[in-house]
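Participant: One structure, pasted below without further comment.
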Amino acid sequence: MKPVNPAFEDDDIQQSLNQPGSSDADLPAPSDLDDIQLSSLADSPLERLKLRYARQLNKDIERLEATKAALQTDIDALQAECDQLAAQLASSIALSDGADGEPTCPELRHQPRLPGESEASMAIPVAQRPGTPLELPIPATSEQRRQQAMQLQQADADVQSDTLRRGLVLSAIATILIAWHYGIVAALGQGGSWLGLPIGELGAGFVPAVALLWLRMLVMIPALVFLAPQLYQATWEDLQSWVYTRDQITLLLVVSGLALFLSQAFIYQSISLIGAPIGATLLFLYPLTVIPLGAVLAQETKITQVGLLAIVAIAMGGLLTARPAFTSVLNSGLDTGLEAGSALPSTAIWLGVLASVCFSFYIVMTNTAYRQQCHPIPTAIVQFSVVAVLSSFILLMRPLELPGISWLGFAGWGIVLGIAMLLVYLVSYGSLRLIGARTGAIAAAVPLVTLVIAWFFTPQPSLEIIQWTGILLVSVGGIALGNEKGE
1 MKPVNPAFED DDIQQSLNQP GSSDADLPAP SDLDDIQLSS LADSPLERLK LRYARQLNKD
61 IERLEATKAA LQTDIDALQA ECDQLAAQLA SSIALSDGAD GEPTCPELRH QPRLPGESEA
121 SMAIPVAQRP GTPLELPIPA TSEQRRQQAM QLQQADADVQ SDTLRRGLVL SAIATILIAW
181 HYGIVAALGQ GGSWLGLPIG ELGAGFVPAV ALLWLRMLVM IPALVFLAPQ LYQATWEDLQ
241 SWVYTRDQIT LLLVVSGLAL FLSQAFIYQS ISLIGAPIGA TLLFLYPLTV IPLGAVLAQE
301 TKITQVGLLA IVAIAMGGLL TARPAFTSVL NSGLDTGLEA GSALPSTAIW LGVLASVCFS
361 FYIVMTNTAY RQQCHPIPTA IVQFSVVAVL SSFILLMRPL ELPGISWLGF AGWGIVLGIA
421 MLLVYLVSYG SLRLIGARTG AIAAAVPLVT LVIAWFFTPQ PSLEIIQWTG ILLVSVGGIA
481 LGNEKGE
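What follows is the structure, given as structure tokens:
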């Protein structure tokens, strides 16, 4: 018998396949057969060779199918990453179109959005972020993706921690400046000095308080108008919209400016009479009236147990702080009759309480404006303008007299107060951009910080133990309440 030549022709195979008895329906799959079964099923060596090659081809097909499935999995992963990149690109283009070609900074994800702002308005130009690499998704294994996700989470945590730290530092600076400016007001009202530097005596009264407020606005309004386009680009568009199309918003802001004017004038007069620590403490009793007003106007959520304890602490602190003044007036009235001089401390206390009530109205109306998407920058411009107009009108009606200070000294210290409060506003605005409502938790420490800073002024405060306790309670209660609202 001649040996079978492996290099058989295709037509020979086709003839063998067409023979009766070798149909595919009668034979099992070649991949399921071994050599013994091939010998029993095939009638000739040619058929056995044919079946062996068919089985090898089936194995190759199965291997190629597995390779195809693996490649298809990689293709699906690449397609998903491509879709993600396309979505990010579309989002960047949309934000760029809404912000005049200024892409959004990734760090802004962790910053609160202020009233009246959109995502596009919070964009930062690329030129302001030199060296920032463009991160594009690249094909990676599952382990690499897991490591990238962990790195992104760690980077986000670092950004949040840094943002919180910077916000708290800015808020602390604003708190110190507010306390220092209260010390200057007290020294001007009573005639004193700061670190040995004589300040002079402006006198305690409504007109001197209004004069200080007028000088303060004289510095703040031009500076704020100049900085407004850099802080918020749509400032003038919003102001025009409020004036021409939204009369209710304009009226609301004007009334809130009136409340701000009264609160600042009353607290300046109160501080000039009884000193900075007690006056600042009385002003920060405003949560006692803000919360009921907010509940009436459906602006506040249900108060929690922590908030209730904080309110009780603030109320007790206010009573402890004011009690010695009323006690001294009562004892003086029983012994010698109630005279104008002996009634002075109680008058200052009531002025401080009235200032806190007016300040609470200012806060509630300002929050109402914020809920109607009024941005803080144009809102402040309207409110400060109202304060400037009212103070100018009062000074025209009742001119200021300077008993113990020169006009140059009065103007100098007034401008210093204006610069200090301008810095307070700008720093507080920066803190608000970083940490949001948690800024109020730091600002609530103003009475306690004022008590510390007041010792660097003369005359130094003379307080009883219960007044120290009252100031501490008001500060702690305010911090707890602000921390709860900031969460």
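In this note's numbering, the protein residues as written are 1 to 487. Even for Gly, the Cβ is constructed at its ideal location relative to N, Cα and C. Bear in mind that the values here come from a model prediction, so they are computed numbers and not experimental data.
(1) Closer than 7 Å by C-beta to Met316: which residues in its own chain qualify, once you throw out the five before and the five after it? Chain order, please.
(2) With a threshold of 16 other CB atoms inside 10 Å of the CB of Trp180, please say whether the residue is buried or exposed.
(3) Assuming Ser356 and Leu283 form a contact by the criterion Cβ under 8 Å, report the distance between their Cβ atoms to the nearest whole angstrom.
(4) Figure out for me which residue from Asp156, Val424, Pro229 and Thr281 has the closest Cα to the Cα of Pro447.
(5) Report buried or exposed for Ser406, applying the criterion of at least 16 other Cβ atoms within 10 angstroms of its Cβ.
(6) For the alpha helix (DSSP H) containing Ser391, list its first residue and its last residue.
(7) Tell me whether the beta-carbon of Gly512 lies closer than 8 Å to the beta-carbon of Ala454.
(8) Looking at Pro378: is its Cβ nearer than 8 Å to the Cβ of Leu239?
(9) Between Thr304, Tyr286 and Leu395, which lies nearest to Cys358 when the distance is taken from Cα to Cα?
(10) Any chance the segment 206-221 sits against the segment 388-404, with 3 or more Cβ pairs inside 8 Å?
(11) Find the nearest neighbour of Leu215 within the set Thr347, Val389 and Leu152, judged by alpha-carbon distance.
(12) Does DSSP put Ser490 in a helix, a strand or coil?
(13) Return the bridge partner residues of Gly275 from the DSSP annotation.
(14) Which of the three DSSP states is assigned to Gly414 in this structure?
(15) Are at least three pairs of beta-carbons, each pair with one atom in the segment 169-178 and one in the segment 422-439, less than 8 Å apart?
(16) Hey, would you say Leu297 sits closer than 8 Å to Val254, going by beta carbons?
(17) Would you say Val219 and Gly418 are within 8 Å of each other, going by their C-beta atoms?
(18) Would you call the CB atoms of Phe261 and Ser475 closer than 8 Å?
(19) Glu81 to Val416, Cα distance in whole Å?
(20) What residue from Gln248, Thr458 and Ile267 has the CA that sits closest to Cys374's CA?
(21) Looking at Tyr370 and Ser256, is the spacing between their C-beta atoms short of 8 Å?
(22) Please determine, among Val312, Ile274 and Pro277, the residue with the shortest C-alpha to C-alpha distance to Thr289.
(23) So, for Leu164: in the same chain, excluding its five sequence neighbours on each side, which residues have a beta-carbon less than 7 Å away from its beta-carbon?
(24) Distance, Cα to Cα, Leu293 vs Thr439?
(25) Which value, in whole angstroms, describes the spacing of the CA atoms of Thr245 and Leu85?
(26) With a 10 Å radius around its C-beta and 16 neighbouring C-beta atoms as the bar for buried, classify Gln154 as buried or exposed.
(27) Determine the DSSP secondary structure at Met456, reduced to helix, strand or coil.
Facilitator: Put simply:
(1) Leu473
(2) buried
(3) 5 Å
(4) Thr281
(5) exposed
(6) Pro376 to Met397
(7) In the structure displayed, the chain extends from 1 to 487; residue 512 sits before or after that span and is not available.
(8) yes
(9) Tyr286
(10) yes
(11) Val389
(12) The structure shown does not extend to residue 490, since the chain is modelled only from 1 to 487, so the question has no answer here.
(13) According to DSSP, Gly275 bridges with nothing at all.
(14) helix
(15) yes
(16) no
(17) yes
(18) no
(19) 57 Å
(20) Gln248
(21) no
(22) Val312
(23) Ile435
(24) 21 Å
(25) 42 Å
(26) exposed
(27) Looking at the sequence shown, residue 456 is not Met but Phe. Correct three-state label for Phe456: helix.
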